[in-house]
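Here's the structure, in structure tokens; my notes come after.
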Amino acid sequence: MDKIGFIKKDVYNLECSVNGKLRNHDVELVTEYFMAEQKKNEAFYFKIEGDGHDRFSRCFWADATSRRAYGFYGDVVVFDTTFNMNRYDLTFAPMLGVNNHGQTIVLACAFLSKETTEMFVWMFEEFKKAMPGGEPKTIITDQDAAMAIAISIAFPTTFHRLCIWHITSKFSVKLPRDAYKEYWREFQKAIWDTDNKDEVDAKWNTVVTKASLTDHPWLSSMFDLRESWVPAYARQFFATGMSSSQRAEGSHGFFKQYISRRNSLMDFIIRFERALSHQREKELVADHVDAFEVAQCLLPMPMNKQMATLYTRTMFQKFEQELIQSTSCFLELKTEDACKVVFNVSERKNWETRVAEVVYVKDSDHASCSCKIFEFVGIICKHILALFRRDKIEYMPDKYILKRWKKTAKSGLVSDANGNEIKDCADPGLLIKQSTMSRLASDVVEDALMSEEGCELLSETLKSLQVKLKLLKDGPSNNEVGGSSSQTQYMKDPKRVRCKGRSKGVMGAKEKAMKRGIRHCRECGHIGHDRRQCPAFNTP
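Residues are numbered in my numbering as their position in the sequence shown, beginning at 1, plus a constant of 573.
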């Protein structure tokens, strides 16, 4: 340690010095970085806009890898904003997806100075311009009014699913304390324990009536929105098995390991790219495993072996669990006519018998189930697998195998709206040239270090070469007027903003009581005494 030559304070001072020199040039650096990335690969997309006074207001970007990924996995998007990611308090808004391994991937990113409907519409419109293949089938967000309006404008054909976790977590806050303690379990059963819409409505109305909450405004609004978040209603729309935006929360936590609120925009971009490369490395590892290994089958059945070769390991394990559970399902003929056959499929689970309804259409040779797992997750359910086993269908029909879950999901070309192919690397020979020149430069440096004269010669030569390469890069016309940087009008750095996510929250009765120092009884829920002095607890 004594030979390092500097201390922690020196590093801090250097950082402050560098930040001071870069102050008021942050947007300029980000713009030049994005332009450089676009020169490397024209598939890199970005847009930066100001507020009308030449000051940065918002930006959007998506690299070639993300745009290609949307071509394969753009059916479901998770969107949530986060804060404390830069020194300006700009809202960071990543749009996320799920790949064929079930891993979270980044599809696009944006910085927004406000969280208004107009800002979100702008971002979604840029997203549509950048991404191949049209609108997503499903987008999952939390319950934000501005976001909901923007989605209805920009993605009119997309199913907007609300995060069920955010909604159910509000029950304890929105409901009266006694009503929540007594009836929360019944609300849970109404929400989760049935696949039938009519049963959901009946159970909900029953518990609301019992709790005397028929006129509760928040419960009424949630019931009106039930098609957007209650599983029995929303499971008919494909969502890769997601019912919440927890992937976004986890992704924010992952990126915050690399980024802090002290970062400038350029610092953020550099650190974010580093984190993104680590995330994508995990995907490459999973691709490598699937390319050279076949998952072990627990059941020696032809269909199981078939799916082990087609599905990625993660998705095969989910399928195999459905196949194993199908062996404990029992089919009972319910009705049959010339067009279709209806079966009741019963399963014993947790000392309860649960029944699903499978409908088999004869003309189209198609089966559907009331559990909606295939529609929701994209993997065939145990109830239909039980029907296949009964009819001795040994191999999975192609119609039930989604390409997005296969090992070959990323095969094929992806083109933008103009018909141009989107490639991860614009020039495959570029990496070879880079490797060759890097090896040559390393050898030259090694030779130059053998003597002082060699170091001076190499230094002078490199400086001369640098000037010539700059002339070659900028061109004669640009240099006549002072270079390309003098021709570009850069925006001013953004002012520090205050986002919705960092605003002062509205306090409930409990928080207000705690702030005032008023005691709150845990036994009866009343204010003014504690458990030791509670009349209900101390009554003989």
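We put the beta carbon where it would ideally sit given N, CA and C, even for glycine.
A quick note: this is a predicted structure, and the numbers were derived from the prediction, not measured.
Residue i burial status per 10 Å Cβ neighbour count (16 or more: buried)
i       : result
GLU688  : buried
GLU610  : buried
ASP1103 : exposed
ARG631  : buried
ILE580  : exposed
VAL1040 : exposed
LYS945  : buried
HIS1099 : exposed
ALA763  : buried
ASN1052 : At ASN1052, the pLDDT of 32 sits below 50, so the modelled position is not reliable; the number obtained from the coordinates is stated separately. Result: exposed.
ARG640  : buried
ASN993  : exposed
THR655  : buried
ALA911  : exposed
LYS935  : exposed
LYS818  : Looking at the sequence provided, one finds Ser at residue 818 rather than Lys. Classification of SER818: buried, given that the 10 Å Cβ count is 16 or more.
SER1008 : exposed
Length of the line joining the Cα atoms of residue i and residue j
i       : j       : result
LEU786  : TYR753  : 11 Å
GLU920  : LYS891  : 18 Å
ILE737  : LEU1035 : 60 Å
GLY623  : PHE629  : 4 Å
VAL1070 : PRO705  : 33 Å
LEU792  : VAL650  : 27 Å
ARG799  : GLN761  : 14 Å
CYS942  : ARG962  : 15 Å
PHE700  : ALA681  : 7 Å
CYS1094 : SER850  : 52 Å
HIS733  : GLN1106 : 50 Å
SER1057 : THR714  : Note that SER1057 scores 31 on pLDDT, short of 50, meaning its location in the model is unreliable; the coordinates nonetheless yield the value given after this. Rounded to the nearest angstrom, the two C-alpha atoms are 42 Å apart.
ALA719  : TYR756  : 32 Å
PRO875  : TYR968  : 6 Å
THR926  : LYS829  : 45 Å
SER1024 : ASP1016 : 14 Å
GLU605  : ASP662  : 22 Å
GLY1101 : ASN657  : 38 Å
LYS743  : PRO749  : 12 Å
MET795  : GLU909  : 38 Å
ILE842  : VAL603  : 8 Å
LYS783  : PRO790  : 16 Å
GLU905  : PHE916  : 5 Å
TRP802  : PHE903  : 31 Å
ASN877  : VAL928  : 24 Å
THR664  : MET608  : 23 Å
ASP788  : ASP771  : 21 Å
From the options, residue whose alpha carbon lies closest to that of residue i
i       : options                           : result
VAL867  : GLU854, ASN877, THR882 and LEU857 : THR882
ASN1114 : LEU896, ASP971 and GLU615         : For residue 1114 there is no data in the structure shown, the boundaries of the chain being 574 and 1113.
ILE995  : PHE629, ALA703 and VAL918         : ALA703
SER988  : PHE645, LYS620 and TYR606         : PHE645
ASP768  : THR779, VAL780, PHE796 and ARG808 : ARG808
LEU872  : PHE889, SER937 and ALA864         : PHE889
LYS907  : GLN898, VAL918 and THR900         : VAL918
LYS1065 : ASN586, LYS582, ASP599 and ASP583 : ASP599
GLU893  : LEU904, CYS912, GLN869 and ASP910 : GLN869
ALA775  : LEU748, ALA805, PRO749 and SER801 : ALA805
GLU1114 : VAL1018, LEU1045 and LEU1044      : Coverage of the chain is limited to positions 574 through 1113, which leaves residue 1114 absent and any answer about it impossible.
VAL862  : ALA848, TYR884, ARG844 and ASP788 : TYR884
GLY675  : ALA982, THR782, VAL780 and ASN877 : ALA982
ASP627  : ASN597, SER816 and PHE633         : ASN597
GLY670  : LYS935, ASP938 and GLN852         : GLN852
VAL780  : TRP765, GLU759, LYS747 and VAL773 : GLU759
ARG835  : ARG660, PRO1067 and ALA859        : ARG660
ILE621  : LYS612, LYS613 and GLU601         : GLU601
Under 7 Å between C-beta atoms of residue i and residue j
i      : j      : result
THR677 : SER833 : no
ALA683 : ALA666 : yes
ASP648 : PRO709 : yes
GLY814 : VAL950 : yes
ARG977 : ASN673 : yes
THR690 : ILE712 : no
ASP717 : ALA821 : no
ALA723 : VAL694 : yes
LEU960 : VAL931 : yes
ALA633 : MET696 : Residue identity differs from the one stated: residue 633 is Phe in this sequence, not Ala. In contact: PHE633 and MET696 (Cβ atoms closer than 7 Å).
THR638 : ASP860 : no
ILE953 : TYR933 : no
List in chain order: all unbroken alpha helix (DSSP H) runs of 4+ residues lying wholly within the segment 790-871.
-> The qualifying runs are 790-797, 804-807, 819-828 and 838-865.
Enumerated in chain order, which unbroken segments of the alpha helix (DSSP H) with a length of 4 residues or greater are wholly contained in the segment 947-1001?
-> Every alpha helix (DSSP H) stretch that sits fully inside the segment 947-1001 and reaches 4 residues is listed by chain position as 955-963.
Those runs of the beta strand (DSSP E) which lie wholly inside the segment 611-683 and span at least 3 residues = Every beta strand (DSSP E) stretch that sits fully inside the segment 611-683 and reaches 3 residues is listed by chain position as 618-623, 629-635, 649-652 and 668-671.
What are the start and end residues of each continuous beta strand (DSSP E) run of 3 or more residues lying completely inside the segment 700-740, in chain order?
-> The qualifying runs are 711-714 and 732-735.
Return the chain-ordered ranges of every beta strand (DSSP E) run that is complete within the segment 880-954 and spans a minimum of 3 residues.
-> Here the runs fully enclosed are 902-909, 913-922, 925-934 and 939-942.
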